[in-house]
Amino acid sequence: MNAATVFGLLATALVGVGLYGFIVNPQPLRKILAFNVIGSGVFLLFGAIARRGAALGLSGDPVPQALLITGIVVAFSATALAVTVLLRLFDETGSTTLSSGPAPSASDPDPAKARE
Amino acid sequence: MTADAVTTPGGLLLPLAVLVPFLGMIAGLVLGGRNAQRVAMVTIVAGVAIALGIAQSMLQSGDTLVYVLGGFAPPLGIALRADGLSVVMMVAVAVVIAGIGVYARGDFGTPDGVREARAPLMYWLLLLAVWGSLNLVFTSGDLFTLYVALELLTFAGVPLVCLDGKGETLRSALRYLLFALAGSIFYLLGAVLIYGECGTLDVALLAQSAQPGPVTWAAAALMTTGLLAKTALFPLHLWLPPAHAGAPPAASAVLSALVVKGSFFIVVRLWFDAMPALPGFAAAQLLAGLGAAAIIVGNVVALRQERLKLLIAYSTLAQIGYLFMMFPLAFDAGTGAFVRGEVLAGGMLQAISHATAKAAMFLAAGLIYAALGHDRIADLAGAARLVPLSVLAFALGGVALTGAVPSGAYLAKKLLLGAADGSGQWWWALVLQAGGLLTTGYVLLVLAHALRATADAPAPRVRVRRSQEAAALALAACSLLLGFADAVLPGDLVKSPLDPGELATLLVTVVAGAALALALGRRLPDVPAGAALAAIGSPIRRMTVAVGGLFERLDFALRRWHVAGLSLVVLTLLFAAAMSGAR
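Chains A and B supply the protein sequences, listed in that same order.
For the first sequence, the tail end lands on 116 under the working numbering, and the numbers increase by one without skipping.
For the second sequence, the tail end lands on 1583 under the working numbering, and the numbers increase by one without skipping.
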């Protein structure tokens, strides 16, 4: 087992842990953190792929590294935007819950029924 | 190296199409205040001119336009490409943005006596950002640039949802953003896997080098599902109804008509261009199955809505389903690949037709809301007198959605039905027809309420601008007249509206639609005939209402966060299984 494989497996574990947290945690902030954990997993995987693709005496394939930097910037911006919206939501409503509204009511405001 | 790795004549217009809206955005931000709107107007004129210029040079050369950034050819460099698909989408988006821009001058003008108002400034900047991101989506030639474009589109779309800064819309925006982020990370993971397997992300190179195998299947499944989450295809639609219904009308129109088309376009790129031979028949059936479910559930729940804007949002959900019906029909069993042809033309026509019609409907709904002070469907009486042109625009947009002659949706439906017939996939033809009937149902329901007279002549709460009504009407007319695009297609597809066969179809559609509206509508117009019908049909109606309620509860259950998150994972596995099973 070489280094690239170990990192690949670690990346898989990170993606799995992050995905679990993303689906299960009801708190938006935790979801944002979970998104970043998944993101770290993906970036680590990309790094491992770059390492595996090393050629021409380079220690790694440069293309994934360049894309990685861009990906990190995008994930950072996404996190910043999400946290900003979350803070505004808390300021406006005093809560951070994502669930909205009750289930559709069984009682139907239906004139046909009202007439009976 | 592929032959197209050089910049073609007219290729320079491609980076311009992307850069000009973003430059306009930056200029608007720097100049601030009411200058942002002026800059936006100038940019819209320039952007429309660029889109037309691209179409012109494409027609001249008859070939894909290419611009190689910095002269570095793929796979190391990045190429922007515009084929026929990109060009029609760019022109359509330019037209819709121009229409919405004219409308938004009324809603998002900076008030007198104020140097700078937050919502108008943000609106104009974000409108340009959405446009630039969409143009990048349409011209990107590699999967990573597509990822960046997709993210830009989301970042521009999310703040549009919460322009008014109220708690409920902020919540919708956060739901939208978080779920969209899940979608984009799935897409990115898929792209990373593809790079690891094929060593390139360039679409044209992938078409030659992507081989079937566990890694490519997993990657394609991840990317597809991620994109579906961003497109809000059923059952990944938890964010769409509150976000699209809660935003201001001029923003809803952008979100519903344009933003969801961005990720849809990338699915098309992926399945038709990057790896046409990979997904196979079973995955296409799965994709269209989700589309069919979206059509049925979206339309039925739309019929059950009490608010006009929510009705239109659910209608968008259903129309997104239509977009995915083309995939199995474009599958060529002989080669085992997806082929570009009349079916793809039909699908894109559907997308453009929906973009124009839905923009018109949201704008019209905004004007009706402004005039009446509410958008409760049951209390729309008198709207046709107050804002006749807006109601007309809504009606024309609705008629265009139902696929009446000579709308773009009609032509698209003809092409898809023909393909369903030709390939023996009759079940998709059934869904297409049923969707048309349900659409007719809710359009009729709204119009029946809006056309009712009121006892006292109502006074408009605010006087709506003529230019706003004209913008909505023009967009609706665009959608209704798109059927004339058949001039470029072989065969005589559009029949005269007075043809006996067409008239019979129209009659059946209207009667069946009215019956569906009577059976499922939440509040029926209170007319004597309606009361008589209700008396006769009340047992039937109780049953149909129960069915409608069932659909509503299903929709509500699927829109819970953990259910949608689980659907995301399950769908990825299903797509991967369907792709591997095809071998």
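Ideal Cβ placement from N, Cα and C applies to all residues, glycine included.
This structure is a prediction, so every number in the text was calculated from the model and none was measured.
As summarised for the stretch 1302-1343 of chain B, the continuous alpha helix (DSSP H) elements at least 4 residues long and confined to that stretch are 1308-1323 and 1326-1329, given in chain order.
Within its own chain, the residues whose Cβ lies closer than 8 Å to the Cβ of tyrosine 1147 of chain B, once the five positions on either side in sequence are excluded, are Ser1184, Tyr1187, Leu1188 and Ala1191, listed in chain order. Secondary structure of arginine 1452 of chain B (DSSP, three-state): coil. Here the C-alpha atom of phenylalanine 1556 of chain B lies approximately 29 Å from the C-alpha atom of isoleucine 1352 of chain B.
Here the alpha carbon of leucine 1205 of chain B sits roughly 48 Å from the alpha carbon of arginine 1307 of chain B. Burial check for glutamine 1468 of chain B: the Cβ neighbour count within 10 Å reaches 16 or more, so the residue is buried.
Contact of leucine 86 of chain A with chain B is assigned, a C-beta pair being separated by under 8 Å. Interface with chain A (8 Å Cβ-Cβ cutoff): tyrosine 1187 of chain B is excluded. Between the beta-carbon of isoleucine 1295 of chain B and that of tyrosine 1314 of chain B there is about 11 Å, and that puts the pair past the 8 Å contact cut. Note on geometry: alpha-carbon atoms of isoleucine 1540 of chain B and valine 1511 of chain B lie some 17 Å from one another. In summary, no residue of the stretch 1358-1383 of chain B has a CB separated from any CB of chain A by less than 7 Å.
Take the alpha-carbon of tryptophan 1131 of chain B and the one of proline 1460 of chain B: they are about 34 Å apart. Of all residues in the stretch 2-23 of chain A, the ones placed with a Cβ closer than 8 Å to any Cβ belonging to chain B are Val15, Leu19, Phe22 and Ile23, in chain order. CA-to-CA, the gap between serine 1580 of chain B and alanine 1282 of chain B works out to about 9 Å. For leucine 1065 of chain B, no alpha helix (DSSP H) segment is defined; the enclosing uninterrupted segment is the beta strand (DSSP E) at 1065-1068. Residue range 28-52 is occupied by the alpha helix (DSSP H) that includes arginine 52 of chain A.
Excluding the 5 residues flanking it on each side, leucine 1506 of chain B has same chain C-beta neighbours closer than 7 Å at Ala1404, in chain order. Taking C-beta atoms under 8 Å as the contact rule, tyrosine 1176 of chain B and valine 1158 of chain B qualify, at a distance of about 6 Å.
A distance below 8 Å separates the beta carbons of asparagine 36 of chain A and threonine 79 of chain A.
By a beta-carbon distance limit of 8 Å, serine 1407 of chain B contacts valine 1399 of chain B. Their separation comes to about 7 Å. Between lysine 1358 of chain B and threonine 1402 of chain B, the C-beta gap is not smaller than 8 Å, which leaves the two residues out of contact.
Against phenylalanine 1155 of chain B, the close residues of chain A are Ser77, Ala78 and Leu81, in the order they occur along the chain (beta-carbon pairs closer than 8 Å).
Distances from the alpha-carbon of glycine 1334 of chain B to those of B:Met1325, B:Lys1414 and B:Ser1423 put B:Ser1423 closest. Annotated three-state conformation of aspartate 1083 of chain B is coil, per DSSP. Residues of chain B whose Cβ lies closer than 7 Å to the Cβ of leucine 98 of chain A are, in chain order, Arg1171, Leu1174, Arg1175 and Trp1561. The beta carbon of phenylalanine 1022 of chain B does not come within 8 Å of any beta carbon belonging to chain A, so the residue lies off that interface.
By the Cβ neighbour-count rule, methionine 1 of chain A is exposed, with fewer than 16 other Cβ atoms within 10 Å of its own. In terms of Cβ geometry, threonine 1169 of chain B and valine 1161 of chain B form a close pair [threshold 8 Å]. With a cutoff of 8 Å on beta-carbon distance, leucine 1233 of chain B and leucine 1438 of chain B are scored as not near each other. Shortest Cα-Cα distance from lysine 1309 of chain B to any of B:Phe1338, B:Leu1258, B:Pro1242 and B:Gly1289 involves B:Pro1242.
At a beta-carbon threshold of 7 Å, none of the residues of chain A lie near alanine 1393 of chain B; the nearest stands roughly 29 Å away.
Sequence-distant Cβ neighbours of leucine 1125 of chain B in its own chain, meaning closer than 7 Å and more than five residues away, are Met1025, Gly1028, Leu1029 and Ala1036. Taking 8 Å as the CB threshold, lysine 1309 of chain B stays off the interface with chain A. Methionine 1543 of chain B and glycine 1435 of chain B have their C-alpha atoms roughly 20 Å apart. Contact check between the stretch 1254-1269 of chain B and the stretch 1107-1119 of chain B: fewer than three CB pairs, one atom from each, fall below 8 Å, which does not count as touching.
Excluding sequence positions up to five before and after aspartate 61 of chain A, its CB lies within less than 6 Å of the CB of Ala50 and Gly53, all in the same chain and listed in chain order.
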